[in-house]
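Structure, as C-alpha cells:
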Amino acid sequence: MSAAQSPPAYQRLDAAATVSPDRLEPMPVSAMADAVFAVPHAFSTRQVPDFVMELLKQRFSVAEEAYWNRGHAGVREQDLVAAFNHLAVRLNLPEYAQTSQDQLHTLRMHMLLRNPRFMGLRLTRQSVNGDPEPVSETMSPLQAYHLALTMIDAKLVAPRYQLSPAEWAVRKPLPSSPSAGTRRRLLCTSNSPRMKEMDDRLYAAFDSLSDIQGLEILTETLNRIGIR
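Written out as C-alpha cells, the structure reads:
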C-alpha cells in the first residue's frame, strides 16, 4: 500500500475498535463513531440530509459512550428487528424489506468475519467457571447501527436476503457457520426483480418525505432501540 492510499473502511473500523485489556481506560468512542459513519453502503446516505446524519452520529456516539463507560444497556437483536420493521412499514416498503431475528443474527455473524474486532466486542463473555457463554443478543449502539445499515444493503443488493421473515423461515439459504465460499458470496448481487423494486421503492419513499416527516419517523425508530 502506497503512502497516498488509506486502508479500506472496514479495516479502519477494526483499527478503531480498541479496548484497554484491563478496562481502566475509557473506550475511545469518537474514533469508532467516525469509522462507523465513514463505511460506504449500497444505500447512499446522500439521500439523507446532512443535519440528520449529524444528529444520528451525535445520538449514537452519546449512547455508545454511555454503553461502554457508564454501564448503560446496549441494543438487543429483537429490538433492532422491531425498529427495522417499523421503518420498513412506515416507508411503505415490500414485505420482504422486513427482517427476522434469525435473519438479522445470521447477517451479524457473517459481518463478524469481515470485522472481527469491531463486531466481536462483547460478543461473548466468560461464565463464572471460565467457559465461554453463548453469543450475546445485545450489541453496542454503534454495532447495531452498522448492522442495520448493512441489512439495508442486503435488502437492496443481495437476493438471498430479499426474503420476508416467513420466506426466510422456510427457505433460509445460509448456514450459521458459513464455508469460505459462502463468505465470499455473502452480499453478491444478481439481476433479481426484487432488486429493482427495492431500489425504486426505497428512494421514492425518501424523496416523498419532508424534513419534519423524516425526523418523526427517525425518532420513532430510534426510540425502539433506546437511542434518544
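Quick note on our numbering: the sequence shown kicks off at 368 and runs consecutively. Every residue, glycine too, gets a C-beta built ideally from N, C-alpha and C.
- If you ignore the 5 residues before and after N590, its C-beta comes within less than 6 Å of no other C-beta in its own chain.
- Each of V456, A433 and E504 was checked against the Cα of Q468, and the nearest Cα belongs to E504.
- Judged by DSSP secondary structure, R561 falls within the alpha helix (DSSP H) whose first and last residues are P560 to S575.
- Fewer than three Cβ pairs drawn from the segment 518-536 and the segment 478-492 lie within less than 8 Å of each other, which leaves the two stretches out of contact.
- For I592 against L490, the beta-carbon gap comes to about 18 Å, at or over 8 Å, which does not count as contact.
- Counting along the chain, the unbroken alpha helix (DSSP H) around K424 starts and ends at D417 to N436.
- Distance from the Cα of P501 is smallest, within the candidate group Y512, M476, L514 and A521, for M476.
- In the three-state DSSP reduction, T505 falls in the strand class (E or B).
- In the three-state DSSP reduction, R595 falls in the coil class, being neither helix nor strand.
- Exclusion of the five residues before and after I519 leaves F410 as the residues of its chain whose Cβ lies within less than 6 Å of its Cβ.
- Between L523 and M565, the gap from beta carbon to beta carbon is short of 8 Å.
- When DSSP states are grouped into helix, strand and coil, R443 belongs to the strand group.
- According to the DSSP assignment, Q529 belongs to no alpha helix (DSSP H), since it is labelled neither H nor E.
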